[in-house]
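This report concerns only the one structure given below.
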Amino acid sequence: MGFYKRPQKPVDEQAEISRIKLPRGAETFGVVEQRLGGSRMRVRCLDGKTRICRIPGRLKRTLWVREGDIIIVEPWELGGDGKGDVMFKYTKAQTGWLHRKGYLSMLASSSEF
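Residue numbers for the sequence shown follow the numbering used here, so the first one is 1 and each next one is one higher.
Pasting the structure below:
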């Protein structure tokens with residue numbers, strides 16, 4: 001017996017970008033370098049540190065992250081230099097907007113990314 005498969009909404013890359021979530025407080029931008037398994041990944045953050053980040057339980061089923069994705073990372077209070085949580089993932093259209101507005105200028109100038 002099969003399940004009813006709902007039709008997926010078409011992805012519109014050129015959709016108008018009304019509001020984009022930006023990092024607040026201790027949060028920073030990051031780029032996924034490597035997926036490690038168990039909802040963990042190695043992320044290079046724009047503050048120059050490499051962190052092992054995890055996807056919190058409330059986002060595990062809804063947030064699918066691949067290598068090269070731009071994300072928002074919240075460092076942990078204890079061990080914040082080495083560990084953190086993934087808070088948000090940007091789409092391609094949102095990433096393009098961030099590049100145009102200069103939020104990821106450090107990313108473009110750095111050869112490490």
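Beta carbons: idealized from backbone N, C-alpha and C, even for Gly. On a predicted model such as this, the values are computed, not experimentally measured, just so you know.
Check whether the segment 17-30 touches the segment 40-54, counting contact only when three or more Cβ pairs, one atom from each stretch, lie closer than 8 Å. yes
Meets three-Cβ-pair contact criterion under 8 Å: the segment 49-67 and the segment 90-108: no
What are the boundary residues of the alpha helix (DSSP H) that L36 is part of? Counting from 1 along the sequence shown, the entry for residue 36 is found at position 36. Where L36 is concerned, there is no enclosing alpha helix (DSSP H), although the beta strand (DSSP E) it sits in stretches over T28 to G37.
Thinking C-beta only, is I55 closer than 9 Å to L36? Within the sequence shown, the letter at position 36 stands for residue 36. Within the sequence shown, the letter at position 55 stands for residue 55. Contact flag unset, no.
Below 8 Å, is the gap between the Cβ of E27 and the nearest heavy atom of the ligand FAD? As far as ligands go, the structure on display features none, and thus does not contain the ligand FAD.
Just to confirm my understanding: we take L104, look at its own chain, exclude 5 residues before and 5 after, and list those with CB closer than 6 Å. What are they? Along the sequence shown, one-based indexing puts residue 104 at 104. For L104, where only same-chain residues beyond five positions count, the Cβ hits under 6 Å are L98.
DSSP on R44, reduced to helix/strand/coil? Along the sequence shown, read from residue 1 onward, the residue named residue 44 stands at position 44. Reduced to three states, the DSSP call for R44 is strand.
Is it buried or exposed, E74, if we count other Cβ atoms within 10 angstroms and call 16 or more buried? Translated into positions along the sequence shown, residue 74 becomes position 74. With 16 or more Cβ atoms within 10 Å of its Cβ, E74 is classed as buried.
So, helix, strand or coil for K5, using DSSP? Taking the first residue of the sequence shown as 1, we reach residue 5 at position 5. Note: K5 maps to coil in three-state DSSP.
Can you give me the C-alpha to C-alpha distance between F88 and W76, rounded to a whole angstrom? Here residue 88 is taken as the residue at index 88 of the sequence shown, counted from 1. Here residue 76 is taken as the residue at index 76 of the sequence shown, counted from 1. Looking at the two C-alpha atoms, the distance is approximately 15 Å.
Shortest alpha-carbon distance to L59 belongs to which of K5, D85 and R42? Along the sequence shown, one-based indexing puts residue 59 at 59. Taking only the C-alpha atoms, the option nearest L59 is D85.
Exposed or buried, which one is D69 when buried takes at least 16 other CB atoms within 10 Å? Here residue 69 refers to the residue found at position 69 of the sequence shown. It is buried - the Cβ of D69 has at least 16 other Cβ atoms within 10 Å.
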